[in-house]
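So for the sequence shown, the working numbering puts the first residue at 42; every next one is plus one.
From the three backbone atoms N, C-alpha and C, an ideal C-beta is built for every residue, glycine too.
It should be emphasised that the depicted structure is a prediction, and the values quoted were computed from it without experimental measurement.
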Amino acid sequence: MRLYFRKLWLTNLFLGGALASSAAIKASDFYTDKIKEAKKTVNLVKDYKVNNKDDQDDSKNLQKAIDDLTAIKKGGVINIPEGKYYFKNIILKSNVHIVIDEKATIYATYPGSDKNFMIMSFGDESHRAKNVSVRAKKGMYTVDLSVSKNKNVRMFQVNNSENFLIEGMNILDDNTKFNGITLGYCKYNGKYVMPENGVIKNCRIEKAHYGYGLIQSQASTNVYYENIWGDGGVTLRLETDNLKMNDLQVGGNHNIHGKNIYCQNGNAALMISPHSMQNGHVEMDGVESVNCGFAVRIGKGYVSKKQKVANLKPGTYANQAVESKLGRGCAQTPYARGNGGTRWAARVTQKDACLDKAKLEYGIEPGSFGTVKVSNIKSTYGTTAQVKSKHFKYMPCPERKLIRVCLPTKDGKNPDGESFKAPSCVTVVNTKRINFPVNAKGKGGAPKGYWNVEITNVESVGYPHQSKDILYEQDAVKNCKEGK
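Spelled out as structure tokens, the structure:
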């Protein structure tokens with residue numbers, strides 16, 4: 042399996058001066074490979090009697106191999122040879138390295154219901170997985186989620202791990218509900234913890250859902266991404282939208298670096314959105330999209346309060362509940378927030394008076410990132426990107442006639458149920474205003490939730506009507522009769 046990166050363009054850019062600030066960053070700064078220190082190597086088929094030609098669950102065998110090796114000082118290596126394997130809810134533990142043949146295919150074992158599940162977790166609430174890896178022997182192994190009976194599945198959940206590597210994975214997707222890899226948080230030994238010191242590289246996904254994609258990081262520290270590729274969705278989503286995490290104010294992304302991030306036929310290559318979390322430093326170099334809504338999406342921070350009420354209809358209880366606490370005009374239009382249509386949320390109006398009351402009432406304020414740098418960005422225009430209706434306002438008016446109504450879906454949307462086939466909007470959208478006025482007394486400026494991003498070296502290719510490389514909140518045109 043080859044990685045289909047546009048090597049020539051990325052190489053040409055990286056020869057320029059824009060790379061200087063991150064040239065010293067490398068994977069070994071984030072992950073220390075301990076595989077050569079492992080004391081024992083086993084073969085999952087020969088040593089643990091896995092039949093890799095049938096369609097039966099192999100989870101117990103793999104978990105037994107992991108448990109055996111983690112008990113050995115400095116652990117061991119599990120080789121998974123060519124063949125097909127069925128796994129669910131595997132827990133990877135300290136000092137265990139899994140090496141997978143490029144001709145091996147991993148499938149998700151049906152868990153017996155439609156509840157959420159994963160194929161493998163790096164640690165869990167009872168074990169912090171240190172010095173671990175899952176990698177291809179060479180090239181890429183395949184994870185086929187497209188045939189999963191339960192679409193509420195992800196390949197990797199990384200919540201409680203330290204010094205970890207994920208490398209050489211190709212996911213065959215078909216609009217499954219979650220990202221292929223999710224980094225989050227959990228409670229361990231009475232404290233909330235998150236993954237730290239890790240590398241994810243040389244991974245790809247095909248046919249991803251608009252609202253998901255290859256990777257989402259909710260919580261992590263000191264993580265590096267390199268050569269990641271996505272078809273559909275968002276390839277790398279630094280979006281801290283977990284509801285419970287926002288309420289607890291734990292997690293967030295801190296000291297995150299990336300290089301060579303690519304997306305085609307999707308939403309965006311890179312998304313940065315803090316919701317109500319305070320995040321740290323992020324630096325990305327080399328972001329490219331082809332036929333996507335955007336190459337880079339940057340969202341402002343905000344506060345929202347969720348309400349879980351059976352059979353709740355939009356526009357009713359959620360905003361009334363917020364306004365009863367914060368005052369009239371402090372709640373925006375409610376929107377669905379999962380849980381089968383029984384959970385809704387209302388964003389708090391981006392006014393200091395409303396936000397100050399929200400902080401007093403809920404202990405939450407709009408999220409942000411520390412210093413964020415994104416350099417060497419390129420997008421190539423297409424007409425069948427995944428675009429949600431809320432982003433049509435960033436599309437030039439002459440382009441809007443190209444928005445496709447997809448049949449046979451009732452509402453004309455893509456199979457993901459959220460997006461439309463539509464033209465690319467712009468290379469970078471930064472959904473915040475810029476140049477907020479400051480009066481003579483020094484008052485004014487950007488309100489809470491607005492934060493600065495350093496964007497350099499942007500290229501837009503083939504856009505027939507979009508004259509700008511970057512659009513901001515004030516550039517939106519909702520009504521084409523009033524706009525351009």
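Check: Integer-rounded CB distance, given that residue 159 should sit under 8 Å from residue 197; Outcome: 7 Å
Check: Beta strand (DSSP E) segments (min. 3 residues) lying fully within the region 216-284; Outcome: 222-224, 227-229, 232-234, 237-247, 254-258, 260-272 and 275-280
Check: Residue 286 in three-state terms, based on DSSP; Outcome: helix
Check: Contact set for residue 289: own chain, Cβ-Cβ below 8 Å, skip 5 residues either direction; Outcome: 233
Check: Length of the line joining the Cα atoms of residue 165 and residue 425; Outcome: 40 Å
Check: Beta-carbon contacts of residue 507 that lie in its chain and below 6 Å, excluding the five residues immediately before and after; Outcome: 437 and 467
Check: Check whether residue 292 and residue 226 have beta carbons under 7 Å apart; Outcome: yes
Check: Exposure label - residue 522; buried when at least 16 CB within 10 Å; Outcome: exposed
Check: Boundaries of the beta strand (DSSP E) in which residue 527 is found, first to last residue; Outcome: Absent from the structure is residue 527, since the part of the chain shown begins at 42 and ends at 525.
Check: Spatial distance of residue 280 from residue 193 (CA atoms); Outcome: 19 Å
Check: Chain-order list of residues whose beta-carbon lies under 6 Å from that of residue 516 (same chain, five-residue window excluded); Outcome: none
Check: Span of the beta strand (DSSP E), counted from its first residue to its last, around residue 339; Outcome: 337-340
Check: Beta carbon of residue 150 nearer than 7 Å to that of residue 125; Outcome: no
Check: Residues sharing a beta bridge with residue 470, DSSP; Outcome: 338 and 512
Check: Helix, strand or coil at residue 86 according to DSSP, with G and I counted as helix; Outcome: helix
Check: Closest by C-alpha distance to residue 334, when choosing among 469, 412 and 496; Outcome: 469
Check: Spatial distance of residue 336 from residue 420 (CA atoms); Outcome: 6 Å
Check: Beta carbon of residue 252 nearer than 7 Å to that of residue 304; Outcome: no
Check: Residue burial classification, residue 39 (beta-carbon count within 10 angstroms, cutoff 16); Outcome: Only positions 42 to 525 of the chain appear in the structure, and residue 39 is not among them; the question remains open.
Check: DSSP three-state assignment for residue 330, whether helix, strand or coil; Outcome: strand
Check: Neighbour-count burial assignment, residue 214, 16 or more Cβ in a 10 Å radius; Outcome: buried
Check: For residue 108, the first and last residue of its enclosing alpha helix (DSSP H); Outcome: 100-111
Check: Simplified DSSP assignment, three categories, for residue 186; Outcome: coil
Check: Which listed residue (114, 498, 121 and 285) has its alpha carbon closest to that of residue 102; Outcome: 121
Check: According to DSSP, residues forming a beta bridge with residue 163; Outcome: 133 and 199
Check: Residue 153, buried or exposed, once every other Cβ within 10 Å from all chains shown has been counted against 16; Outcome: exposed
Check: CA-to-CA distance, residue 134 to residue 537, given in whole angstroms; Outcome: Because the chain spans 42 through 525 in this model, residue 537 falls outside it and cannot be assessed.
Check: Buried/exposed call for residue 78, threshold 16 Cβ in 10 Å; Outcome: exposed
Check: Close-in-space but distant-in-sequence residues of the same chain around residue 242 (CB under 6 Å, 5 per side omitted); Outcome: 208, 267 and 268
Check: C-beta contact flag for residue 113 and residue 139 at 7 Å; Outcome: no
Check: Distance between residue 499 and residue 465 (C-alpha atoms, nearest Å); Outcome: 15 Å
Check: Residue closest to residue 463, alpha-carbon to alpha-carbon, out of 176, 453 and 471; Outcome: 453
Check: For residue 444, the first and last residue of its enclosing beta strand (DSSP E); Outcome: Note, residue 444: premise wrong, no beta strand (DSSP E); not H, not E.
Check: Inter-residue Cα distance where the pair is residue 88 and residue 98; Outcome: 17 Å
Check: Residue 427: first and last residue of the uninterrupted beta strand (DSSP E) it sits in; Outcome: 426-428
Check: Distance between residue 191 and residue 148 (C-alpha atoms, nearest Å); Outcome: 11 Å
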